[in-house]
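Visitor: Dropping a structure here in structure tokens format, bear with me for questions.
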Amino acid sequence: MSQNVDAQMLEQIKAAGTLLARLRVVFNAALETLGQRCLEHGRLSNRLLDTQQVTSFEVAWAGAELLASETAIAALTPDSHPLDAQLALIFTVDAVIAIFDRLDIIHTEIGVDQAVMGELRGAAEWQRLRQAAGSAEALQAAGAGVVQAQGLAGEIALGEPHALARDSFRRFAAEVVAPQAEAIHRQDLTVPESLLQPMREMGVFGLAIPEKHGGSAPNDHEDTLLMVVVTEALSEGSLAAAGSLITRPEILTRALLAGGTDKQKAHWLPRLAAGDPLCAIAMTEPDYGSDLAACQLKGVRVDGGWRLNGAKSWCTFAGKAGVLMVVTRTDPDRQLGHKGLSVLLAEKPSFDTHEFEVRQEGGGRLTGRAIPTIGYRGMHSFDLSFEDYFVPDANVVGGETGLGKGFYFALAGMVGGRMQTSARACGVMRAALRAAVRYTQDRRVFGAPLSEFALTQAKLARMAARLAACRRLAYTVAGIVDQGQGRMEASLVKLLACRSAEWVTREALQLHGGMGYAEETPASRYFVDARVLSIFEGAEETLALKVVARSLMERALGIAIQEA
Numbered sequence: 128m129s130q131n132v133d134a135q136m137l138e139q140i141k142a143a144g145t146l147l148a149r150l151r152v153v154f155n156a157a158l159e160t161l162g163q164r165c166l167e168h169g170r171l172s173n174r175l176l177d178t179q180q181v182t183s184f185e186v187a188w189a190g191a192e193l194l195a196s197e198t199a200i201a202a203l204t205p206d207s208h209p210l211d212a213q214l215a216l217i218f219t220v221d222a223v224i225a226i227f228d229r230l231d232i233i234h235t236e237i238g239v240d241q242a243v244m245g246e247l248r249g250a251a252e253w254q255r256l257r258q259a260a261g262s263a264e265a266l267q268a269a270g271a272g273v274v275q276a277q278g279l280a281g282e283i284a285l286g287e288p289h290a291l292a293r294d295s296f297r298r299f300a301a302e303v304v305a306p307q308a309e310a311i312h313r314q315d316l317t318v319p320e321s322l323l324q325p326m327r328e329m330g331v332f333g334l335a336i337p338e339k340h341g342g343s344a345p346n347d348h349e350d351t352l353l354m355v356v357v358t359e360a361l362s363e364g365s366l367a368a369a370g371s372l373i374t375r376p377e378i379l380t381r382a383l384l385a386g387g388t389d390k391q392k393a394h395w396l397p398r399l400a401a402g403d404p405l406c407a408i409a410m411t412e413p414d415y416g417s418d419l420a421a422c423q424l425k426g427v428r429v430d431g432g433w434r435l436n437g438a439k440s441w442c443t444f445a446g447k448a449g450v451l452m453v454v455t456r457t458d459p460d461r462q463l464g465h466k467g468l469s470v471l472l473a474e475k476p477s478f479d480t481h482e483f484e485v486r487q488e489g490g491g492r493l494t495g496r497a498i499p500t501i502g503y504r505g506m507h508s509f510d511l512s513f514e515d516y517f518v519p520d521a522n523v524v525g526g527e528t529g530l531g532k533g534f535y536f537a538l539a540g541m542v543g544g545r546m547q548t549s550a551r552a553c554g555v556m557r558a559a560l561r562a563a564v565r566y567t568q569d570r571r572v573f574g575a576p577l578s579e580f581a582l583t584q585a586k587l588a589r590m591a592a593r594l595a596a597c598r599r600l601a602y603t604v605a606g607i608v609d610q611g612q613g614r615m616e617a618s619l620v621k622l623l624a625c626r627s628a629e630w631v632t633r634e635a636l637q638l639h640g641g642m643g644y645a646e647e648t649p650a651s652r653y654f655v656d657a658r659v660l661s662i663f664e665g666a667e668e669t670l671a672l673k674v675v676a677r678s679l680m681e682r683a684l685g686i687a688i689q690e691a
């Protein structure tokens with residue numbers, strides 16, 4: 128096969144670009160119409176937005192699929208590998224079919240004439256593209272290419288430093304993480320020092336921390352791409368036992384860089400970079416889920432600091448962590464909402480157990496209990512109970528001037544956390560796709576390898592296409608985040624990649640047949656691990672409604688994007 132796209136494929140790429148441009152115009156018009164319905168006093172109204180939740184959810188997903196398709200097609204050149212072009216075109220065909228259906232729903236709800244959709248569905252470039260890239264023949268050819276490549280789809284050219292990091296951490300994931308992953312999952316173990324210490328030595332926990340504070344990030348700019356590359360590589364070995372370890376120091380680091388005092392940065396960042404202490408993020412509460420602004424854990428000022436009372440839930444790695452980043456209501460006036468929140472750093476001993484209790488000399492108490500889960504084992508997510516737990520004034524992020532600004536410090540951290548989660552999803556998808564390719568080559572049914580059947584090839588092609596599109600989008604958005612922007616795009620790629628990981632791991636399990644349902648094959652672990660991705664770091668419903676759809680409407684209307 129030629130290593131460059133031919134003239135016929137270039138025409139398909141051109142047709143895809145033309146179609147997507149037309150879709151973008153229609154989509155933006157729908158955004159503006161919907162946004163106008165939700166305006167009140169020149170700003171989007173939460174009350175009116177809540178009346179459009181179903182429509183807004185479709186808007187967010189259509190926006191994610193459209194941006195992913197545009198990004199995948201825009202990356203293609205005459206020098207692209209034919210398989211990369213095939214996969215981008217396959218993803219685009221599948222995405223456009225979904226976008227058509229979503230726009231039908233949106234147009235019906237906002238009362239727009241459906242004639243424009245009829246024109247797009249009948250457009251010559253769409254008919255040509257649908258036949259060329261979405262036919263059974265095209266899917267089989269691409270699937271055969273994915274098998275030949277052993278599932279190494281969607282590879283992206285990187286500069287030397289990032290390529291070296293990717294290769295190094297992929298080796299570590301394959302040689303050190305993967306051999307321990309099954310035991311950690313099946314025996315519900317805490318991530319052992321046999322993984323943590325090598326990662327400390329490789330500088331994993333300091334990737335977001337500037338060099339002047341003991342990390343490996345540049346002093347004058349962020350390197351989100353490096354974080355994405357390393358996270359993806361580690362997640363291929365194990366989501367819970369390796370890929371997620373960076374997320375917590377990433378969130379706390381960004382919060383400290385956004386609001387911490389110079390003294391706090393000098394004290395905490397070198398220690399976080401060294402992985403001593405490990406940290407956990409305590410945001411979610413039992414009754415409020417992803418609604419961070421409704422946080423009720425109370426901090427009461429006392430001599431020298433604060434006493435914390437209340438509960439947190441789904442605090443991942445809280446047992447092993449030596450410090451908890453706790454979003455706390457420090458102003459008793461609940462009507463202040465997010466403006467009454469602060470970030471406090473609660474220190475504690477490290478525990479390997481599934482339950483722990485800490486008693487302070489002054490009578491404070493903190494208890495934690497690991498929540499039994501179907502997957503994502505190793506780090507464990509804890510229910511926490513604070514009873515008069517003391518945190519000194521020195522551990523209020525930003526000091527006295529940081530009081531009431533905790534919501535914004537937490538948001539600064541969450542952008543990185545969502546980028547990392549998209550990378551984690553890509554790593555799990557890559558592992559699942561490669562496992563599926565290997566198994567279908569080895570497994571013989573009806574006298575032939577499973578990988579030679581047309582339906583298998585079509586499944587593998589679509590799996591690889593989705594992985595490639597999500598990887599391309601994640602890497603592209605990383606560059607936007609490094610420019611100090613991209614809060615919406617980070618949420619958008621998290622939305623798409625995490626749902627995609629659920630589907631790709633489901634297909635991988637299905638291709639394994641009965642063995643996919645057995646715990647002795649990694650495919651079952653990939654499947655149950657992937658399911659958590661759409662829930663944490665912002666549930667997909669919250670991201671879709673509160674961040675993606677809202678931001679898209681604000682942009683369409685040309686009004687300032689709100690942070691709340």
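Per my numbering, the sequence shown runs over residues 128 to 691.
Note that beta-carbon positions come from the ideal geometry of N, C-alpha and C, so glycine has one too.
1) Does Q179 pass the burial test, meaning 16 or more other C-beta atoms within 10 Å, or should it be called exposed?
2) According to DSSP, is M329 helix, strand or coil?
3) Examine the Cβ distances between the segment 262-280 and the segment 224-238 and report whether three or more of them are shorter than 8 Å.
4) In this structure, how does DSSP classify L684 when only helix, strand and coil are distinguished?
5) Select from A671, G505, F513 the residue whose C-alpha is nearest the C-alpha of D656.
6) Spatial neighbours of E634 within its chain, please: C-beta separation below 6 Å, excluding the five flanking residues on both sides.
7) Under 8 Å Cβ to Cβ from Y415, same chain only, skipping five residues before and after it: list those, please.
8) Confirm, please, whether the CB-CB distance from G606 to L435 is below 8 Å.
9) So if DSSP puts P337 in a beta bridge, which residue, or which two residues, is it bridged to?
10) Can you give the beta carbon distance from A308 to A360, rounded, assuming they're within the 8 Å contact cut?
11) For R428, which option in I224, M642, Y516 has the closest C-alpha, if you only look at C-alpha atoms?
12) Indicate the three-state DSSP secondary structure (helix, strand or coil) for R398 in the structure shown.
13) Looking only at its chain, what residues have a beta carbon closer than 7 Å to the beta carbon of G144, apart from the 5 residues adjacent to it on each side?
14) Classify E690 as helix, strand or coil using the three-state DSSP reduction.
15) Which term fits T480, buried or exposed, when burial requires 16 or more other beta carbons within 10 angstroms of its beta carbon?
16) Determine the direct distance from the alpha carbon of L279 to that of G491, and round the result to whole angstroms.
17) Roughly how many angstroms lie between the CA atoms of Q258 and A142, to the nearest whole one?
18) Report yes or no: do three or more beta-carbon pairs, one from the segment 185-202 and one from the segment 145-164, lie closer than 8 Å?
19) Could you name the residues of the same chain whose beta carbon sits closer than 6 Å to that of G540, not counting the 5 residues immediately before and after it, in chain order?
20) Following the continuous alpha helix (DSSP H) through F509, name the residue where it begins and the one where it ends.
21) If you measure between the beta carbons of R164 and I226, is that distance less than 8 Å?
22) Quick one: measure Cβ to Cβ for V454 and L468, integer angstroms, because I've assumed they're closer than 8 Å.
23) What are the residues that DSSP puts in a beta bridge with I576?
24) Could you spell out the range, first to last residue, of the beta strand (DSSP E) harbouring L80?
25) Relative to the C-alpha of G402, which candidate in I140, T374, G464 has its C-alpha closest?
26) In three-state terms, what does DSSP make of V564?
27) Any idea which residues DSSP pairs S196 with across the strands?
28) Are A624 and I217 close, meaning C-beta to C-beta below 8 Å?
29) I'd like to know whether the C-beta atoms of G437 and F513 end up nearer to each other than 8 Å.
30) Output needed for D458: all residues of its chain with C-beta closer than 7 Å, excluding positions within five of it in sequence on either side, in chain order.
31) Under the assumption that E681 contacts L171 (Cβ atoms under 8 Å), give the Cβ distance between them as a whole number of angstroms.
32) DSSP puts F483 in a beta bridge; with which residues?
33) Checking 8 Å against the spacing of the C-beta atoms, do C775 and A521 come in under that value?
34) Is there a C-beta anywhere in chain C that falls below 8 Å from the one on A260?
35) Find the nearest neighbour of T640 within the set V572, P519, A242, G370, judged by alpha-carbon distance.
36) Between V132 and S196, how many whole angstroms is the CB-CB distance? I'm expecting something under 8 Å.
Guide: A quick look at the data gives this:
1) buried
2) coil
3) no
4) helix
5) G505
6) K586, M590
7) A421, C422, Q423
8) no
9) A344
10) Rounded, the Cβ-Cβ distance is 14 Å, inconsistent with contact.
11) Y516
12) helix
13) I200
14) With a pLDDT of only 41 at E690, under 50, the local geometry of the prediction cannot be trusted, and the value read off the model is given with reservation. Note: E690 maps to coil in three-state DSSP.
15) exposed
16) 52 Å
17) 12 Å
18) yes
19) I378, R381, A382
20) Element bounds for F509: not the alpha helix (DSSP H) but the beta strand (DSSP E), 508-519.
21) no
22) 6 Å
23) The question names Ile, but residue 576 in the sequence shown is Pro. Answer is R571, bridged to P576.
24) The chain is shown only over 128 to 691; residue 80 falls outside these bounds and no answer can be derived.
25) T374
26) helix
27) According to DSSP, S196 bridges with nothing at all.
28) no
29) yes
30) G467, G531
31) 6 Å
32) G495
33) This structure does not reach residue 775, given that the chain is present from 128 up to 691, and the question cannot be answered.
34) Looking for chain C here will not work: only one protein chain is present.
35) Checking the displayed sequence, the identity of residue 640 turns out to be Gly instead of Thr. That would be V572, whose Cα lies nearest to the Cα of G640.
36) With 8 Å as the limit, V132 and S196 do not qualify as a contact, their Cβ atoms being about 17 Å apart.
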